[in-house]
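Colleague:
Below is the structure:
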């Protein structure tokens, strides 16, 4: 059954479940390998959206009485 449903773009993995710690370790290893292979990253925002975010950040800081975009909460 696994050989007929597992594909190159959506593979199945058999993880032994005899010991919870090992099952979790094996699952984590599969996830890390898959994420490393696709090299995920944050998308680059459109410059217009980036400017809008910066403006909203300044406005929110002003509402909270902070002076700059790098000001930390409570400081």
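In my numbering, the protein residues as written are 100 to 174. Glycine included, every Cβ here is placed at the ideal spot set by N, Cα and C. Keep in mind that this is a model prediction, so the values were computed, not measured.
#1: Rounding to the nearest angstrom, what Cα-Cα distance links residue 174 and residue 128 in this structure?
#2: In this structure, does DSSP put residue 114 in helix, strand or coil?
#3: Would you kindly check if the distance between the Cβ of residue 132 and the Cβ of residue 114 is under 8 Å?
#4: Between the beta-carbon of residue 101 and the beta-carbon of residue 111, is there less than 8 Å?
#5: Under 7 Å Cβ to Cβ from residue 105, same chain only, skipping five residues before and after it: list those, please.
Modeller: Working from what's here:
#1: For the purposes of this step, residue 174 is taken as the residue at position 75 of the chain shown. For the purposes of this step, residue 128 is taken as the residue at position 29 of the chain shown. Residue confidence for residue 174 is low, a pLDDT of 47 falling below 50, so the modelled location carries little weight and cannot support an answer.
#2: Residue mapping note: residue 114 aligns to position 15 of the chain shown, counting from 1. Residue state, collapsed to three classes: coil.
#3: If you number the chain shown from 1, residue 114 lands on position 15. If you number the chain shown from 1, residue 132 lands on position 33. Contact flag unset, no.
#4: Taking the first residue of the chain shown as 1, we reach residue 101 at position 2. Taking the first residue of the chain shown as 1, we reach residue 111 at position 12. Cβ atoms of residue 101 and residue 111: closer than 8 Å.
#5: Along the chain shown, read from residue 1 onward, the residue named residue 105 stands at position 6. Cβ within range, chain order: 111.
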